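To keep things clear, I will list the structure first and then write my remarks on it.
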Amino acid sequence: MDLAATEEKIDISTFSGTKFTYKDKELDKKVGVIVIPYRDRALFIKTDDYDKWNEKYYTKFYKSFALTP
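Numbering that gives the first Met the number 0 numbers the first residue of the sequence shown as 0 and each following residue consecutively.
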């Protein structure tokens, strides 16, 4: 069990989803995953090294998305 894991609700455009962070045992790194239900599918955004990419790239990347209903 990863006690440092987080889960938070986020919005991209008008869609609500969930952002998870946790330590990936195979990579031995903290990763970030976003899951957004989108139409009849799900949008899945993941980074392989959350600590390295979050501040400069990951957050800016997912916040730049513009999804249409």
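Even for Gly, the Cβ is constructed at its ideal location relative to N, Cα and C. Since the model is a prediction, treat every value here as computed from it, not as a measurement.
Determine which residues share a DSSP beta bridge with residue i and list them.
| i | result |
| --- | --- |
| K8 | T17 |
| P68 | Bridge partners of P68: none, in fact. |
| K24 | In DSSP, K24 forms no bridge with anything. |
How many angstroms separate the CA atom of residue i from the CA atom of residue j?
| i | j | result |
| --- | --- | --- |
| A3 | T67 | 34 Å |
| K45 | P36 | 15 Å |
| V34 | T5 | 14 Å |
| F72 | F64 | One cannot answer for residue 72 here, as it falls past the ends of the chain, which runs 0 to 68. |
Nearest to residue i by alpha carbon, out of the options?
| i | options | result |
| --- | --- | --- |
| K20 | I11, R40, D47, F60 | For clarity, residue 20 is Thr in the given sequence; the question names Lys instead. Residue D47 is the option with its Cα nearest to T20. |
| A82 | E7, I11, M0, E6 | As displayed, the chain neither begins before 0 nor continues past 68, which places residue 82 out of reach and without an answer. |
Taking buried to mean at least 16 other C-beta atoms within 10 Å of its own C-beta, is residue i buried or exposed?
| i | result |
| --- | --- |
| K55 | exposed |
| K102 | Absent from the structure is residue 102, since the part of the chain shown begins at 0 and ends at 68. |
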